[in-house]
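This report refers to the structure that appears directly beneath it.
2 protein chains.
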Amino acid sequence: MRTRRTENLCDAVAGELGRRIVAGEIAPGQPVPTQAELCEQLRVSRTTVREAMMRLQGKGLVEARPRDGVRVLPTPRWNQFDADVLAWRTATGRVDPDLLDQLYEIRTCFEPRACALAAERSDDAGREAIRAQFVVIVDPSSSSARRIQADLAFHLEIFAATRNIFFVSLGAAIKTALAMSFRISQNRAGISGTEIRLHGSVCEAILAGDAPRAEASMHALLHESKETARHAAKSKGLERDDRTVAARARSASGDIRPAYERLVLRRPTDR
Amino acid sequence: MRTRRTENLCDAVAGELGRRIVAGEIAPGQPVPTQAELCEQLRVSRTTVREAMMRLQGKGLVEARPRDGVRVLPTPRWNQFDADVLAWRTATGRVDPDLLDQLYEIRTCFEPRACALAAERSDDAGREAIRAQFVVIVDPSSSSARRIQADLAFHLEIFAATRNIFFVSLGAAIKTALAMSFRISQNRAGISGTEIRLHGSVCEAILAGDAPRAEASMHALLHESKETARHAAKSKGLERDDRTVAARARSASGDIRPAYERLVLRRPTDR
DNA sequence: GCTTTTGTTTTGTATGATAATTGACGACCG
DNA sequence: CGGTCGTCAATTATCATACAAAACAAAAGC
Numbered sequence: 006m007r008t009r010r011t012e013n014l015c016d017a018v019a020g021e022l023g024r025r026i027v028a029g030e031i032a033p034g035q036p037v038p039t040q041a042e043l044c045e046q047l048r049v050s051r052t053t054v055r056e057a058m059m060r061l062q063g064k065g066l067v068e069a070r071p072r073d074g075v076r077v078l079p080t081p082r083w084n085q086f087d088a089d090v091l092a093w094r095t096a097t098g099r100v101d102p103d104l105l106d107q108l109y110e111i112r113t114c115f116e117p118r119a120c121a122l123a124a125e126r127s128d129d130a131g132r133e134a135i136r137a138q139f140v141v142i143v144d145p146s147s148s149s150a151r152r153i154q155a156d157l158a159f160h161l162e163i164f165a166a167t168r169n170i171f172f173v174s175l176g177a178a179i180k181t182a183l184a185m186s187f188r189i190s191q192n193r194a195g196i197s198g199t200e201i202r203l204h205g206s207v208c209e210a211i212l213a214g215d216a217p218r219a220e221a222s223m224h225a226l227l228h229e230s231k232e233t234a235r236h237a238a239k240s241k242g243l244e245r246d247d248r249t250v251a252a253r254a255r256s257a258s259g260d261i262r263p264a265y266e267r268l269v270l271r272r273p274t275d276r
Numbered sequence: 006m007r008t009r010r011t012e013n014l015c016d017a018v019a020g021e022l023g024r025r026i027v028a029g030e031i032a033p034g035q036p037v038p039t040q041a042e043l044c045e046q047l048r049v050s051r052t053t054v055r056e057a058m059m060r061l062q063g064k065g066l067v068e069a070r071p072r073d074g075v076r077v078l079p080t081p082r083w084n085q086f087d088a089d090v091l092a093w094r095t096a097t098g099r100v101d102p103d104l105l106d107q108l109y110e111i112r113t114c115f116e117p118r119a120c121a122l123a124a125e126r127s128d129d130a131g132r133e134a135i136r137a138q139f140v141v142i143v144d145p146s147s148s149s150a151r152r153i154q155a156d157l158a159f160h161l162e163i164f165a166a167t168r169n170i171f172f173v174s175l176g177a178a179i180k181t182a183l184a185m186s187f188r189i190s191q192n193r194a195g196i197s198g199t200e201i202r203l204h205g206s207v208c209e210a211i212l213a214g215d216a217p218r219a220e221a222s223m224h225a226l227l228h229e230s231k232e233t234a235r236h237a238a239k240s241k242g243l244e245r246d247d248r249t250v251a252a253r254a255r256s257a258s259g260d261i262r263p264a265y266e267r268l269v270l271r272r273p274t275d276r
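Chains F and R, in that order, are what the protein sequence lines are. For what it's worth, the numbering used here labels the leading residue of the first sequence as 6, then goes sequentially. For what it's worth, the numbering used here labels the leading residue of the second sequence as 6, then goes sequentially.
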């Protein structure tokens with residue numbers, strides 16, 4: 006794997022504020038605490054707060070103006086296709102059924118067409134990458150986590166095979182939300198036989214270069230998996246996943262300092 | 006209109022660097038000048054350079070590491086659906102035919118389905134907004150600029166009518182690129198009769214709540230307009246548009262200071 | 001009553017100092 | 001000869017502080 010660079014302070018602060026905002030703790034139009042207040046609350050310098058704020062500004066979450074402070078922008082201004090924003094939206098610990106529905110709606114636009122393009126344009130390496138992930142999915146000895154990972158990679162490899170940078174970027178953006186969706190679906194029952202069969206159909210069609218069938222199969226797969234996810238989300242709203250639960254607890258308590266310190270594993274200099 | 010807040014230094018620097026990067030002046034994997042060098046080149050403080058860098062980092066354009074400096078990430082890591090990134094890509098002054106093709110490819114995924122959803126879900130206000138823009142498009146007395154603006158608004162209103170936040174956000178992201186595309190198509194011949202008719206067909210179908218027809222009409226419109234744009238882009242690559250040409254000239258000369266000063270209309274303190 | 005001025009609050013920018021990270025190189029040891 | 005470890009230096013990361021600029025509000029002056 007890649008060297009996992011230690012998350013720096015600015016990342017942590019941006020994540021903290023970003024999660025608070027997308028969770029709706031500060032309503033659109035409302036002001037975020039002033040930079041001076043955030044310095045105190047989070048025990049970091051104003052430089053760091055400002056750098057974090059710049060990130061949020063770049064994602065369209067907030068807007069700053071002198072004297073008025075920093076205010077949360079209306080949700081249509083948010084860059085919903087930003088990987089961080091989408092990840093923060095799924096980090097609340099509970100499943101947002103609205104998000105799930107809207108996500109399937111756009112996936113239904115994209116993924117069938119991506120399959121068609123992949124069938125037409127993929128090279129040997131691309132096809133092999135897709136096939137390899139499918140093998141893991143059907144392998145009965147795969148653990149649940151491993152299968153979820155492969156399912157995710159399967160979809161991402163299809164995007165990569167389209168040779169259209171927008172599809173690739175879209176995959177990266179929804180990656181986290183996709184993983185959440187898969188976790189919900191495969192909650193404990195594991196993946197259904199129907200879904201495995203449909204994955205196989207998609208895979209075969211792409212390998213065979215059969216664009217229409219690839220498109221149709223993915224369409225069917227999305228329909229099937231949407232129903233599964235919806236049922237799973239309704240019956241029980243995903244309650245374990247350590248990091249997520251911790252985040253929720255912190256968020257509920259309103260206390261950020263201890264959580265922040267846990268996050269970066271050290272304290273800023275005490276004076 | 007809205008009060009156009011004066012662009013601040015950090016915005017200008019982020020834009021300058023962002024444009025350089027997406028224009029390919031610094032290849033992926035290559036290092037951006039160090040923050041100290043950028044301070045000198047752009048005549049701004051390191052604070053400002055760093056804040057701009059944070060914005061670029063948030064968009065996945067670059068990654069910073071101590072000792073190694075800031076390096077441009079490979080293009081698949083870029084957030085291609087970020088409004089700024091897409092705007093910078095279209096700010097080069099010349100039309101990138103590859104971008105145009107890929108853009109049409111994703112629009113073909115999205116927009117027909119958006120029309121179907123709009124036909125199913127739009128309320129009176131939404132339908133009226135779409136109709137109003139169509140009226141401007143067909144009005145023979147509309148100026149070219151006005152018609153381009155209305156064409157853009159027409160498509161954005163359709164996204165808004167889907168009541169799916171992802172479509173809305175997508176519209177905002179591709180807005181600038183869409184405008185560029187329209188400018189190319191309507192270069193001097195104006196909008197074609199066929200395109201006007203197809204716009205009408207889309208509009209009617211949505212107002213009538215006829216989802217399949219709305220979808221099909223938009224599909225046809227995209228096909229038609231793609232051909233038009235491709236021809237226009239081939240025959241002549243869009244050569245006027247003051248701001249754009251200025252940006253290209255600056256970019257070619259490699260001199261950034263005068264351009265930057267023009268941008269913010271004043272000099273930083275000379276000491 | 002209207003305009004102007006002045007003040008206040010908040011973000012914006014600059015500067016300098018110090019800490020942390022990490023790649024490169026070389027010393028040391030097996 | 002080869003590998004491991006430590007030292008050094010370059011660069012970003014963080015902090016503290018000061019002042020500038022913008023925007024709004026209230027007071028002052030006509």
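Just so it is clear, CB atoms sit at the ideal spot from N, CA and C, and this is done for glycine as well.
Neighbours of T95 (chain F) across chain R, judged by C-beta separation under 8 Å, do not exist; the nearest C-beta is about 14 Å away. For the 8 Å CB-CB criterion, V27 (chain F) and A57 (chain F) do not form a contact.
Of all residues in the segment 40-63 of chain R, the ones placed with a Cβ closer than 9 Å to any Cβ belonging to chain F are T52, R55, E56, A57, M58, M59, R60, L61, Q62 and G63, in chain order. For V141 (chain R), same chain residues with a beta-carbon under 6 Å away, outside a window of 5 residues either side, are S147 and A155 in chain order.
Around R118 (chain R), the beta-carbon contacts reaching into chain F at under 9 Å are E110, I111, T113 and C114.
In this model, T95 (chain R) and M185 (chain R) are separated by some 7 Å (Cα to Cα).
Apart from the 5 residues on each side of it in sequence, V90 (chain F) sits with its Cβ closer than 8 Å to the Cβ of G23, V27, K64, L66, W83 and N84 in its chain, given in chain order. By the Cβ-count criterion, P117 (chain F) is buried, with 16 or more other Cβ atoms from all chains shown falling within 10 Å of its own Cβ. If you draw a straight line from the Cα of F172 (chain R) to the Cα of E220 (chain R), it comes to about 15 Å. Under the three-state reduction of DSSP, P36 (chain R) is assigned to strand.
In the structure shown, the three-state DSSP call for R51 (chain R) is helix.
The C-beta of V173 (chain R) comes closer than 8 Å to at least one C-beta of chain F. Linking T167 (chain F) to D106 (chain R) through their CA atoms gives a straight-line distance of about 13 Å.
In this chain, the beta strand (DSSP E) harbouring R70 (chain F) covers V67 to R70. Per the DSSP secondary-structure output, V77 (chain R) pairs in a beta bridge with R:V67. Rounded to whole angstroms, the Cβ separation of A158 (chain F) and A88 (chain F) is 16 Å, and the two are not in contact under 8 Å.
Not flagged as an interface residue toward chain F: F159 (chain R), since no C-beta distance is shorter than 8 Å.
Its Cα nearest to that of V77 (chain F), the residue F:A32 stands out among F:R202, F:H160 and F:A32. Sequence-distant partners of E229 (chain F) (beyond 5 residues in either direction) whose C-beta falls short of 7 Å from its own C-beta, in its chain, are T199, E200 and L203. Distances from the CA of S149 (chain R) to each of R:A137, R:N192 and R:L108 were compared; the closest alpha carbon is that of R:N192.
The DSSP-derived three-state label of D101 (chain F) is coil. Straight across, the Cα-Cα distance linking V143 (chain F) with A210 (chain R) is about 44 Å.
For A92 (chain R), no chain F residue has a Cβ inside 9 Å of its Cβ, as the nearest lies near 13 Å away. For E133 (chain R), the number of other beta carbons within 10 angstroms of its own is below 16, and it is reported as exposed. Residues of chain R whose Cβ lies closer than 8 Å to the Cβ of T80 (chain F) are, in chain order, I170. At a cut-off of 8 Å between C-beta atoms, A88 (chain F) counts as an interface residue with respect to chain R.
Separation of E125 (chain F) and C114 (chain R) (C-alpha to C-alpha, rounded to the nearest whole angstrom) is 16 Å.
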